[in-house]
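Numbering (the numbering used here), first residue to last: 49 to 328.
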């Protein structure tokens, strides 16, 4: 068995961050551990059944990392051929799972990356746009709220309001969905300072009464539409220590959990003109 597949034993599907991916993820995990030679085949079968596409409309599939031609940019290859180079490790496992959960968002990210590479090449610095796209792809969480005051608390680092005073709002007026596959990989070994980059989405109040499947579909469509057109910089994200999210970590039931300013740092207050919510 691949050394990378051994790590698949460590996934705890009961956690708040892995549970949204559990239905498909458990099956892939079982194949990786019991029939590792068929792992890529399992991903490919799911891709064919889904009829999903990548950034330029090529049918989604998964290829071994060794099949990526030397000197070819990863994102450009995916856009041109549909083939996502995939290693036998947790990082690429979570990346593939996100392709199936948020196919429109992943396709838009891929399309924009491919366009930026075609325009600027792959040498030297990536630039602000590609940095923001990579940040979203690797480390984003989607913060969904129907109450602008909660979004403001996040942007202003008002952790007491967001996590203590407004604790009852979680699941009713705000929630977080994990997205970045590097962040998911880090959460195999959770630590207090683990921080995601929150992309803020305004949702209608009824969003919180929908099924999880309907919520995911709405987020995939809505975030993809915004990402397709929005100028992107890292300033559009708000840092969010994810183990502070109510329901994500048992220790945060004690409000003293948030007293650690090494993690829950103080931030400057922002004016109304600076508070950015990418969706309205």
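Just so you know, even glycine gets a beta-carbon here, dropped at the ideal spot from N, CA and C.
Taking the alpha helix (DSSP H) that residue i belongs to, which residues open and close that run?
{"i": "residue 139", "result": "138-149"}
{"i": "residue 28", "result": "Examination of residue 28 is not possible in this model, given that the chain is present from 49 through 328 alone."}
{"i": "residue 217", "result": "Element bounds for residue 217: n/a, residue is neither H nor E."}
{"i": "residue 230", "result": "229-234"}
What did DSSP end up calling residue i once you bin it into helix, strand or coil?
{"i": "residue 279", "result": "coil"}
{"i": "residue 293", "result": "coil"}
{"i": "residue 65", "result": "coil"}
{"i": "residue 119", "result": "coil"}
{"i": "residue 57", "result": "helix"}
{"i": "residue 258", "result": "coil"}
{"i": "residue 177", "result": "helix"}
{"i": "residue 193", "result": "strand"}
{"i": "residue 250", "result": "strand"}
{"i": "residue 126", "result": "helix"}
{"i": "residue 298", "result": "helix"}
{"i": "residue 162", "result": "helix"}
{"i": "residue 209", "result": "helix"}
{"i": "residue 306", "result": "helix"}
{"i": "residue 240", "result": "coil"}
{"i": "residue 169", "result": "coil"}
{"i": "residue 153", "result": "helix"}
{"i": "residue 52", "result": "helix"}
{"i": "residue 311", "result": "coil"}
{"i": "residue 272", "result": "helix"}
For the beta strand (DSSP E) that contains residue i, what are its first and last residues?
{"i": "residue 133", "result": "131-134"}
{"i": "residue 225", "result": "222-226"}
{"i": "residue 110", "result": "109-112"}
Answer with yes or no whether the minimum CB distance from residue i to chain B is below 8 Å.
{"i": "residue 76", "result": "Structure shown: chain B not included; a single protein chain is present."}
Per DSSP, which residues does residue i bridge with? Please list them.
{"i": "residue 245", "result": "188 and 287"}
Does any heavy atom of the ligand ATP sit closer than 7 Å to the C-beta of residue i?
{"i": "residue 307", "result": "Annotation note on the ligand ATP: not contained in the displayed structure, which lists no ligands."}
Should the region 138-151 be regarded as contacting the region 116-128, the criterion being three or more beta carbon pairs within less than 8 Å? The region 138-151, when compared against the region 116-128, does not touch it at the 8 Å Cβ threshold.
Does the count of Cβ pairs from the region 101-115 and the region 192-206 closer than 8 Å reach three? No, they do not touch.
When you compare the region 55-65 with the region 73-81, are there three or more beta-carbon pairs, one atom per stretch, that lie closer than 8 Å? A contact is defined here as three or more CB-CB pairs under 8 Å, and the region 55-65 meets this definition with respect to the region 73-81.
Within the region 65-104, note down every full alpha helix (DSSP H) run reaching 4 residues or more, in order along the chain. 70-82 and 87-98, all fully within the region 65-104.
Quick one: any contact between the region 154-168 and the region 237-252, if contact means 3 or more CB pairs under 8 Å? The region 154-168 vs the region 237-252: no contact.
Examine the Cβ distances between the region 220-239 and the region 126-139 and report whether three or more of them are shorter than 8 Å. Per the Cβ contact rule, the region 220-239 is in contact with the region 126-139 (3 or more Cβ pairs under 8 Å).
Could you check whether the region 269-283 touches the region 170-185, counting it as contact only if at least three pairs of C-beta atoms, one from each stretch, sit closer than 8 Å? The answer is yes - the region 170-185 touches the region 269-283, with three or more Cβ pairs under 8 Å.
At a cut of 8 Å, does the region 214-227 reach the region 287-298 through at least three beta carbon pairs? Output reads yes: the region 287-298 touches the region 214-227.
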